[in-house]
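Engineer: Read in my numbering, the sequence shown has 243 at position 243, and its numbers run on one by one without any break.
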Amino acid sequence: MKIGFIGLGIMGRPMVFNIIKAGFEVKAFDLNEDARKVVANAGAMEAVSPEMAAEGSDIVITMLPNAFIVQNVLFGENGIVNHLKPGSIVIDMSSVSPADSILCAEELKKVNVRFMDAPVSGGEPKAIDGTLSIMIGGEEQALNEALPVLQAMAADVTHVGGHGSGSTAKLANQILVNVTIAAMSEAVVLASKSGVDIEKMYQAIRGGLAGSTVLDAKIPLVLERNFVAGGRIDINMKDLTNVVQAGHDIGVPMPLSTDVLEMFHALKIDGKAADDHVGLIQYYEKLANFEVPKGGK
1 MKIGFIGLGI MGRPMVFNII KAGFEVKAFD LNEDARKVVA NAGAMEAVSP EMAAEGSDIV
61 ITMLPNAFIV QNVLFGENGI VNHLKPGSIV IDMSSVSPAD SILCAEELKK VNVRFMDAPV
121 SGGEPKAIDG TLSIMIGGEE QALNEALPVL QAMAADVTHV GGHGSGSTAK LANQILVNVT
181 IAAMSEAVVL ASKSGVDIEK MYQAIRGGLA GSTVLDAKIP LVLERNFVAG GRIDINMKDL
241 TNVVQAGHDI GVPMPLSTDV LEMFHALKID GKAADDHVGL IQYYEKLANF EVPKGGK
């Protein structure tokens, strides 16, 4: 299979590397020329436009910041919709709303192109080592055809249901991740300002009910005071905005998500939009007039 890949950011770039390692032919595009050159040096063909990435590809993967950009790449003035092979598959691995995914599926069906919403979880570390979790919304036959490509990037590929289901599962994932980071931040600032060694507290609780993958991934970053983005605050803010809107659309109140979304807005105003979402702890530190010391003690 020939693969077109559009979007070579924090996540997209290592995902392309793993597709290449699995032996697939890849044409890759990003607006950033340096990003294109990096993947070209790893064995991809450099595409200088989205249309070039799509032309002749059996599968086109998009990994882009938001739904507006996804739809512009697909259907805009220079969109790839007229360059896609009939019977090919577009896999959008961006985090967008279910409504956006359904719209893409319906529009692509008109030109005999299949669509899957396939957002990912695991962040940059799992993108690098090829162990992402992928949530699939779409037709089972399309998934079966694309599965070898998806498995090159992931440890878990789960067919959740029809179009939009993958995006809905990702919204649920984002609630759990970001609300957990907020709860972790609240707990850490309380404990640290009380004089507790955070490293020792982490070792004490990680094996109990409070332990989680989020805790294991993010506490070490807090201890290093490393807020370099694997999952940026502004991207997660976009996801929680979609969460709250989706909840409102179907009559599901989202009180915790709304609170964390407002924390992200406050951090954005404070100039921290490009920080990793573990940087949320800085919101709590500001409220408490206390900074958790590097190393946790």
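Built from N, CA and C at the ideal position, the CB exists for glycine as well. All figures in this text were calculated on a predicted structure; none of them were measured in a lab.
#1: What does DSSP give as the partner residues of ASP156 in its beta bridges?
#2: So, using beta-carbon positions, are ILE20 and THR62 closer together than 7 Å?
#3: Give the straight-line distance between the Cα atoms of VAL113 and ALA183, rounded to the nearest whole angstrom.
#4: Quick one, which of LYS85, MET11, GLY4 and THR180 has its alpha-carbon nearest ILE134's?
#5: Please classify VAL60 as buried or exposed, where buried requires at least 16 neighbouring CB atoms within 10 angstroms.
#6: Closer than 6 Å: is that where the CB of ALA191 sits relative to any heavy atom of the ligand NAD?
#7: Tell me whether GLY294 sits in a helix, a strand or coil according to DSSP, three-state version.
#8: Give the straight-line distance between the Cα atoms of TYR283 and TYR202, rounded to the nearest whole angstrom.
#9: Please classify VAL39: does DSSP put it in a helix, a strand, or coil?
#10: Can at least three beta-carbon pairs, one atom from the region 171 to 182 and one from the region 227 to 244, be found at a separation below 8 Å?
#11: Can you pull the DSSP bridge partners for ASP117?
#12: Suppose the cutoff is 6 Å on Cβ atoms and the five residues either side in sequence are ignored; what does the same chain contact list for MET15 look like?
#13: Could you give the first and the last residue of the continuous beta strand (DSSP E) run that contains PHE5?
Structural biologist: Taking the definition as stated:
#1: Along the sequence shown, one-based indexing puts residue 156 at 156. Secondary-structure assignment with DSSP links ASP156 through a beta bridge to SER133.
#2: Numbered from its first residue, the sequence shown carries residue 20 at position 20. Numbered from its first residue, the sequence shown carries residue 62 at position 62. No, the pair does not count as a contact, with Cβ atoms beyond the cut-off.
#3: Counting from 1 along the sequence shown, the entry for residue 113 is found at position 113. Counting from 1 along the sequence shown, the entry for residue 183 is found at position 183. Looking at the two C-alpha atoms, the distance is approximately 43 Å.
#4: Here residue 134 refers to the residue found at position 134 of the sequence shown. Answer by Cα proximity: MET11.
#5: Position 60 of the sequence shown, counted from the start, is the residue given in the question as residue 60. Residue burial is scored here from C-beta neighbours: VAL60 has at least 16 other C-beta atoms within 10 angstroms and is therefore classed as buried.
#6: No copy of the ligand NAD appears in this structure; indeed no ligand is present at all.
#7: Residue numbering aside, residue 294 sits at position 294 when the sequence shown is read from its first letter. In the sequence on display, residue 294 carries Lys and not Gly. Here LYS294 sits in coil by DSSP.
#8: Position 283 of the sequence shown holds residue 283. Position 202 of the sequence shown holds residue 202. Looking at the backbone, the Cα of TYR283 and that of TYR202 are separated by about 20 Å.
#9: In the sequence shown, residue 39 corresponds to position 39, counting from 1. If DSSP states are grouped into helix, strand and coil, VAL39 belongs with the helices.
#10: Flag = yes, the region 171 to 182 and the region 227 to 244 touch.
#11: Indexing the sequence shown from 1 puts residue 117 at position 117. ASP117 has ASP92 and GLY137 as its beta-bridge partners, per DSSP.
#12: Start at 1 with the first residue of the sequence shown, and residue 15 comes out as number 15. Only ALA127 and MET153 meet the Cβ criterion.
#13: Taking the sequence shown and counting its residues from 1, the one referred to as residue 5 is at position 5. Per DSSP, the unbroken beta strand (DSSP E) holding PHE5 starts and ends at 2 to 6.
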